[in-house]
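Undergrad: Residue numbers (the UniProt record's numbering): 1 to 228. The beta-carbon is built from N, C-alpha and C at its ideal position, and this holds for glycine as well. For clarity, every value in this text was computed on a predicted model and none was experimentally measured.
Structure follows, in structure tokens:
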């Protein structure tokens with residue numbers, strides 16, 4: 001069963017139910033709301049996609065989308081506008097608000113489902129490509145953006161090379177990297193570096209990260225890995 005959650009927001013109750021029925025037949029988990037006001041009371045962050053009508057009561061679909069895009073918590077939730085407004089200006093307005101697609105009424109259910117799947121595929125691909133800002137293992141936190149490591153919220157002073165070795169190993173938990181692998185990735189711009197340099201940096205790194213030092217395991221004859 002697909003765990004993707006979709007929220008349908010439209011003031012036409014019959015249309016909401018039709019979309020809900022057909023999308024659930026595709027394996028999605030679907031909730032509905034008959035106004036923007038009702039939808040905004042829901043946990044928007046828990047949805048992977050919103051199908052949003054434009055012409056609604058006091059808060060239009062455009063206004064709701066603008067509100068969601070301005071909020072960091074909901075800014076990345078994909079939106080497909082579904083509306084009877086199909087002029088060029090309306091379409092441009094929708095895309096300028098960050099819409100991922102725009103479907104004009106009347107529409108076929110096959111078209112809606114195809115576009116839903118296309119947006120979800122693009123979103124999934126983008127999430128896969130996006131580099132996380134931080135990695136965590138228990139109380140060990142690697143802040144990739146700030147280039148800092150902390151344990152129990154206390155910063156651990158690492159050199160650039162120590163940080164890069166730890167990041168490489170934690171990003172690839174369980175994978176064994178030979179000394180040659182580590183040299184090629186971490187010391188790529190340096191002409192001549194001894195294998196012993198890796199061992200020295202690993203030894204220092206283990207000491208600095210305390211209880212997590214034992215997670216950096218030596219595989220004799222092969223190299224090093226981070227074991228959770």
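Can you round the beta-carbon distance between residue 115 and residue 101 to whole angstroms, since I take them to be within the 8 Å contact cut?
TA: About 5 Å separates the two Cβ atoms, so the contact holds.
Undergrad: Specify, as a first and last residue, the run of the alpha helix (DSSP H) that residue 163 falls within.
TA: Where residue 163 is concerned, the enclosing alpha helix (DSSP H) stretches over 160 to 171.
Undergrad: Let me check understanding here. Comparing Cα to Cα, which of 152, 76 and 6 lies closest to residue 123?
TA: The candidate whose alpha carbon is nearest that of residue 123 is 76.
Undergrad: Work out the CA separation of residue 133 and residue 250 for me, nearest whole Å.
TA: The structure shown does not extend to residue 250, since the chain is modelled only from 1 through 228, so no value can be given for it.
Undergrad: What is the C-beta distance between residue 79 and residue 103, in whole angstroms, given that I count them as a contact (C-beta under 8 Å)?
TA: Not a contact, Cβ separation roughly 11 Å.
Undergrad: Taking 6 Å as the limit between beta carbons, can you name the residues of its chain near residue 82, skipping five residues before and five after?
TA: The residues are 51, 53 and 103.
Undergrad: Looking at the unbroken alpha helix (DSSP H) that takes in residue 225, where does it start and where does it end?
TA: Here residue 225 belongs to no alpha helix (DSSP H); instead the beta strand (DSSP E) covers 223 to 226.
Undergrad: Shortest alpha-carbon distance to residue 159 belongs to which of 135, 152 and 209?
TA: It is 209 whose Cα lies nearest to the Cα of residue 159.
Undergrad: Please go through the same chain and pick out, in chain order, the residues whose beta-carbon is closer than 8 Å to the beta-carbon of residue 178, but skip the five residues on each side of it.
TA: So the list reads 222 and 223, once near-sequence residues are dropped.
Undergrad: Pull up the DSSP beta-bridge partners for residue 81, would you.
TA: BP columns for residue 81 point to 52 and 102.
Undergrad: How many angstroms separate the CA atom of residue 17 from the CA atom of residue 26?
TA: Rounded to the nearest angstrom, the two C-alpha atoms are 14 Å apart.
Undergrad: Return helix, strand or coil for residue 108, following the three-state DSSP convention.
TA: Three-state result, residue 108: coil.
Undergrad: Check each candidate in 219, 200 and 225 and name the one with the smallest Cα separation from residue 167.
TA: It is 225.
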